[in-house]
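Numbering (the working numbering), first residue to last: 2 to 560. Virtual Cβ for every residue (Gly too), placed ideally from N, Cα, C. Values in this document were obtained by computation on a predicted structure and should not be read as measured data.
Structure below.
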């Protein structure tokens, strides 16, 4: 193969030299180059990768192996995507868990390759390995706080190694060796530590997964065992993690104090998960969600529910299932039109109330969406009783949500240039002035109500379910909403809720947009005079705020 570009990849712990290479047709590949002394090892690794790939495991496909003047090389297909470790936190709880399920199922496929009959007995081999690690730890000048708990657990549970099966192992199976492709598919990378051993020992790196994304780690275990996880697995995993943790601190010393500190902190966290190795089931483990699918898109519920009525609105491409209101939302496409459907009546995972109450609350919002019509407000198409519940159907609004419950979208939103955020704020002020003119007051307006389309630059306001006609008073005590955006009167039973309350809301929104949610001058991104306008708006004393949205707008525009 002839390559026209060759870019080094400086990531990972492998001694291999790695490159992204491109041929004359513009196709990219992964090139790995190793010392010639590793020829036989790398030949075996390449051959085993071919066998794993034949099972349909999503991975870098092995294409060519050979020698060159720099040593031994392998050419593999290129995965266009992002490191799973870096982006997993940006996915919803359901998506993280489902990726974990997939990782577990993939690992089960990898483990379908048996070890050679000549492989040394696992009990003998791993006991020798643990003895070596114990010796190295005892000689190490750095010790874990309560590291004796690891030693005691190892010595009390060696019998668990007896008669364990052995299979082919990836060798370093964790979230740091996985990628999410551009199409959302999970891929496994870096087979350079492949080996044979107890299939359950392969989970010893799950510590890294649990630290980054415990739902992903839980899904990985549940996917591997198809939801039926034996207690013996947990006991053995605790043994393997104890052994692995012992070796981590002396391994880290040559790499400097930062790596040592990482391992010390990790050991402390492991001991907390296992109650100082007294409980074999770690605290991060979650038994899982009840999952249902609509057109191959997963979502979580408490129990099964018939969503076949969604076909009336086309194909589902997105589900929002993290609301605690009792609603679940779907993005659908039909005949080139996209819709956003808010439905109440299903047993949603995050809601602990009666679905009938959720239906009643959603129906009560219909007048709000029917009466309020603004260029930046999501547009209602229809609302009706359907599928044993109630649905409100809106035109789909493209964009990312500012809400902190969507970490990846939130980060992208907050990185907008100041001029773009100023436009968003002007749109919000226009909307608030409009609702005041219609004698409405905003309740439960927060960053999750704000969307921004990065292509068109349009701001969309959504989720105005609790907006109310005036006169309005606090009949709850702690009203619906995010405390970051709520005025003192929204915590006071019987207090008046009015336009002055909403002045506080827009002031809090200004600090979210331009002060990183802080109300201190050092975080403020705009002129000092505008800081004073926003600070006045969020005064605890209502009489010291601007007394209308129009007054706030006039003062803001003066600067």
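Let me know the secondary structure DSSP gives residue 532 once reduced to three states. Here residue 532 sits in helix by DSSP.
request  = Return helix, strand or coil for residue 487, following the three-state DSSP convention.
outcome  = Residue state for residue 487 is assigned as coil, using DSSP reduced to three classes.
How about residue 400 and residue 453: are their beta carbons less than 8 Å apart?
Yes, Cβ-Cβ distance for residue 400 and residue 453 is below 8 Å.
* Taking C-beta to C-beta, are residue 133 and residue 170 nearer than 8 Å? -> No. Outside cutoff.
#### Entry: Whole-angstrom distance between residue 466 and residue 511, CA atom to CA atom
Each residue's alpha carbon lies about 22 Å from the other.
Requested in this report: Using beta-carbon positions only, say whether residue 127 and residue 278 come within less than 8 Å of one another.
Outcome: No, the Cβ-Cβ distance between residue 127 and residue 278 is not below 8 Å.
Report the rounded CA-to-CA distance for residue 371 versus residue 414, giving the unit in angstroms. Looking at the two C-alpha atoms, the distance is approximately 29 Å.
Q.
Going by DSSP, what residue range makes up the beta strand (DSSP E) through residue 32?
A. Start and end: 29-35.
Presumed contact (8 Å Cβ cut-off) between residue 217 and residue 101, rounded CB distance: In this structure residue 217 is in contact with residue 101, their Cβ atoms being roughly 4 Å apart against a cut-off of 8 Å.
If contact is defined by three or more beta carbon pairs under 8 Å, each pair taking one atom from either stretch, is the region 175-188 in contact with the region 59-79? Segment contact: the region 59-79 against the region 175-188, three or more CB-CB distances shorter than 8 Å; contact assigned.
- Determine the direct distance from the alpha carbon of residue 379 to that of residue 360, and round the result to whole angstroms. Here the alpha carbon of residue 360 sits roughly 20 Å from the alpha carbon of residue 379.
Is residue 112 buried or exposed, if buried means 16 or more other CB atoms sit within 10 Å of its CB? Buried: at least 16 other Cβ atoms inside 10 Å.
So, with DSSP's three-state summary, where would you put residue 328? Three-state DSSP puts residue 328 in a strand.
Worksheet item: In its own chain, which residues sit with a C-beta less than 8 Å from the C-beta of residue 316, not counting the 5 before and 5 after it?
Response: Once the five neighbours on either side are set aside, the close Cβ partners of residue 316 are 296, 333, 334 and 335.
Original post:
Using the rule of at least 16 other Cβ atoms within 10 Å of the residue's Cβ for burial, across every protein chain shown, is residue 50 buried or exposed?
Top reply: Per the 10 Å Cβ criterion, buried.
_On the CB-based measure, 16 or more other CB atoms within 10 Å of its CB, does residue 14 come out buried or exposed?_
By the 10 Å Cβ count, residue 14 comes out exposed.
Query - Beta-bridge partners of residue 394, as assigned by DSSP - result: Bridge partners of residue 394: 342 and 383.
**Request:** Could you say which of 264, 181, 540 and 493 lies nearest to residue 249 if we only look at CA atoms?
**Result:** Answer by Cα proximity: 264.
**Prompt:** Using DSSP with H/G/I as helix, E/B as strand and the rest coil, what is residue 210?
**Reply:** Helix.
When the Cα atoms are used, what is the spatial distance from residue 393 to residue 424? So the two alpha carbons sit approximately 29 Å from each other.
What residue range does the beta strand (DSSP E) around residue 166 cover? No beta strand (DSSP E) holds residue 166; DSSP gives it neither H nor E.
Quiz item: Taking buried to mean at least 16 other C-beta atoms within 10 Å of its own C-beta, is residue 28 buried or exposed?
Solution: Result: exposed.
ask   = Which residue or residues does DSSP assign as beta-bridge partners of residue 579?
value = Here the chain comprises residues numbered 2 to 560, so residue 579 is not present and cannot be evaluated.
Inset, instruction - Would you kindly check if the distance between the Cβ of residue 176 and the Cβ of residue 88 is under 8 Å? - result: Contact flag unset, no.
Alpha-carbon to alpha-carbon, residue 259 and residue 552: Those two C-alpha atoms are separated by around 53 Å.
In whole angstroms, what separates the C-alpha of residue 451 from that of residue 321? Computed Cα separation, rounded: 15 Å.
task = Kindly indicate the opening and closing residues of the alpha helix (DSSP H) around residue 250.
result = Counting along the chain, the alpha helix (DSSP H) containing residue 250 begins and ends at 232-253.
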